[in-house]
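For what it's worth, the UniProt record's numbering labels the leading residue of the sequence shown as 1, then goes sequentially.
We put the beta carbon where it would ideally sit given N, CA and C, even for glycine.
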Amino acid sequence: MTAPGPPGERRLYRICDAMHLLSMSRSVIYEQIRAGRLRSVTQGRTRLIPASAISDYIDLLEQEARAA
1 MTAPGPPGER
11 RLYRICDAMH
21 LLSMSRSVIY
31 EQIRAGRLRS
41 VTQGRTRLIP
51 ASAISDYIDL
61 LEQEARAA
């Protein structure tokens, strides 16, 4: 179990927030989730993207860019 971050540090982002952070459209975000490239969780009917999943996704993109 990970310790909570400092107060005010967001750990979960709504899809619209992830869209802005990653500069991607809603449909691309959902495509990446379906493909298993971007992790998400659900709380009730809300789909949320953990901050760690956003970092991992950016790392994945950087790895793919280096390999190309």
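Contact annotation: Arg10 and Ala51 have beta-carbon atoms nearer than 8 Å. Residue burial annotation: Gln63 is exposed, with fewer than 16 other C-beta atoms found within 10 angstroms of its C-beta. Per the coordinates, the alpha-carbon of Met24 lies some 10 Å from the alpha-carbon of Ile15. In the DSSP annotation of this structure, the continuous segment of the beta strand (DSSP E) that includes Leu12 starts and ends at 12 to 14. Taking Ala35 as reference, the option from Ala68, Leu22, Tyr57 with the minimal CA-CA separation is Tyr57.
Within the UniProt domain "Helix-turn-helix" (12 to 58), complete beta strand (DSSP E) segments of at least 3 residues are found at 12 to 14, 41 to 43, 46 to 50, given in chain order.
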